[in-house]
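Chemist: Chains as they are written, first to last, in this note's numbering: chain D, 1 to 162; chain H, 163 to 292. The beta carbon of each residue, even a glycine, is placed where N, CA and C say it ideally should be.
1) Hey, is residue 42 (chain D)'s beta-carbon within less than 8 Å of any beta-carbon in chain H?
2) Which residues of chain H have a Cβ atom closer than 9 Å to the Cβ of residue 52 (chain D), listed in chain order?
3) For residue 244 (chain H), which residues from the same chain have a beta carbon less than 8 Å from its beta carbon, with the 5 sequence-adjacent residues on both sides left out?
4) Mind listing the chain D neighbours of residue 244 (chain H)? Cutoff is C-beta to C-beta under 8 Å, in chain order.
5) For the segment 103-131 of chain D, which residues have a beta carbon sitting closer than 9 Å to at least one beta carbon of chain H?
6) Of the residues that make up the segment 201-221 of chain H, which ones have a beta carbon closer than 9 Å to any beta carbon in chain D?
7) Whose CA, out of H:252, H:179, H:248, lies closest to the CA of residue 212 (chain H)?
8) Three Cβ pairs or more, each shorter than 8 Å: is that satisfied between the segment 259-274 of chain H and the segment 51-67 of chain D?
9) According to DSSP, simplified to helix, strand and coil, what is residue 62 (chain D)?
10) Would you call residue 181 (chain H) buried or exposed, if buried means 16 or more other Cβ atoms sit within 10 Å of its Cβ?
11) State the DSSP-derived secondary structure class of residue 200 (chain H), mapped to helix, strand or coil.
12) Residue 117 (chain D) by DSSP, collapsed to three states: which one?
13) Below 8 Å on C-beta distance, what does residue 251 (chain H) contact in chain D?
14) Would you check if the distance between the CB atom of residue 116 (chain D) and the CB atom of residue 125 (chain D) is smaller than 8 Å?
15) Closest Cβ-Cβ distance between residue 179 (chain H) and chain D: below 8 Å?
16) Comparing the C-beta of residue 65 (chain D) with each C-beta of chain A, is any distance below 8 Å?
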């Protein structure tokens with residue numbers, strides 16, 4: 001995609017040939033940029049985590065894509081440096097970090113990290129929890145219990161060596 | 163849906179028009195598949211917590227639709243589109259084994275679509291100026 005964007009950018013700098021179409025004004029480039037933030041409600045993010053964990057609980061076949069999905073859900077997106085050009089402006093802007101799972105919506109992940117049957121399921125949930133910015137940086141002191149459980153889980157032999 | 167359809171009966175006609183309009187707001191990909199998406203969404207929301215096999219006609223509606231979305235989507239849908247796709251994915255992913263080969267393929271497509279919409283933004287490499 002980046003290569004395509006570069007080519008488009010080159011076109012915008014090119015002079016039009018005689019009788020040819022005018023180049024795309026550079027002003028439009030941000031609007032065709034492939035950077036596409038996806039703002040979803042926390043409840044929808046939590047539902048996504050629940051579905052991924054439910055699929056994981058059914059067997060090993062889909063563990064890898066589900067674990068990747070959980071990790072993606074947990075991580076933060078870098079704040080948009082130029083929100084005025086954002087094609088999907090965040091209707092509920094939050095302070096950075098944006099769009100990661102937030103405290104209050106970590107129940108399914110914590111439940112799976114503690115009680116999932118398969119060690120690899122517990123490990124995937126724990127790795128995702130470890131990526132949640134609120135726990136990573138302990139930005140929310142009220143989540144100290146969650147953080148303590150997370151640290152205890154790191155001592156779980158099954159999780160340490162899935 | 164439950165308020166409109168009474169939970170078990172057929173939804174009144176205005177619900178279909180309403181959902182047709184809602185699907186139309188879900189982005190170009192949903193608009194291109196407006197009829198099948200609207201029908202599948204209505205069926206999916208008739209019993210949200212159950213597997214797709216529990217609703218007559220839902221499996222046969224979801225199979226081609228999710229395969230079509232899976233083949234067509236190279237980037238996440240806009241947020242409104244994801245909100246409408248999520249109930250369909252949930253019904254497909256709640257199907258428990260043993261299941262038919264067609265149901266398994268539908269579930270694989272649903273899982274791929276769910277994974278596509280987990281990332282908060284497309285990952286791009288850090289690059290210099292163009």
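Modeler: In short, the structure shows the following:
1) Looking up residue 42 (chain D) in the first chain gives position 42. It does not; no Cβ of chain H falls within 8 Å.
2) Residue 52 (chain D) sits at position 52 when you count from the first residue of the first chain. By Cβ distance, chain H contributes 255, 273, 276, 277, 280.
3) Within the second chain, numbered from 1, the residue matching residue 244 (chain H) stands at position 82. Cβ-Cβ distances below 8 Å link residue 244 (chain H) to 238, 279 in the same chain, with the five nearest sequence neighbours on each side left out; the list follows chain order.
4) As a first step, residue 244 (chain H) must be located in the second chain, where it is residue number 82. Chain D residues near residue 244 (chain H): 38, 40, 44.
5) For the segment 103-131 of chain D, the set of residues with a beta-carbon nearer than 9 Å to any beta-carbon of chain H is empty.
6) Nothing from the segment 201-221 of chain H brings a Cβ to less than 9 Å from some Cβ of chain D.
7) Here residue 212 (chain H) is taken as the residue at index 50 of the second chain, counted from 1. Closest by alpha carbon: H:252.
8) As far as the Cβ criterion goes, the segment 259-274 of chain H touches the segment 51-67 of chain D, which means the pair count is three or higher.
9) Here residue 62 (chain D) is taken as the residue at index 62 of the first chain, counted from 1. The three-state reading of DSSP puts residue 62 (chain D) in coil, since its state is none of H, G, I, E or B.
10) Taking the first residue of the second chain as 1, we reach residue 181 (chain H) at position 19. In summary, residue 181 (chain H) is buried, with 16 or more beta-carbon neighbours lying within 10 Å of its beta-carbon over all protein chains present.
11) Counting from 1 along the second chain, the entry for residue 200 (chain H) is found at position 38. Reduced to three states, the DSSP call for residue 200 (chain H) is helix.
12) The residue you call residue 117 (chain D) lines up with position 117 of the first chain. DSSP places residue 117 (chain D) in the coil class of the three-state scheme, outside both helix and strand.
13) For the purposes of this step, residue 251 (chain H) is identified with residue 89 of the second chain, where counting begins at 1. Ordered by position in chain D, the residues that pass the 8 Å Cβ test against residue 251 (chain H) are 51.
14) One-based indexing of the first chain puts residue 116 (chain D) at position 116. One-based indexing of the first chain puts residue 125 (chain D) at position 125. Cβ atoms of residue 116 (chain D) and residue 125 (chain D): closer than 8 Å.
15) On the second chain, residue 179 (chain H) is found 17 positions in, with the first residue counted as 1. Closer than 8 Å: no.
16) The structure shown contains no chain A; the protein chains it does contain are D and H.
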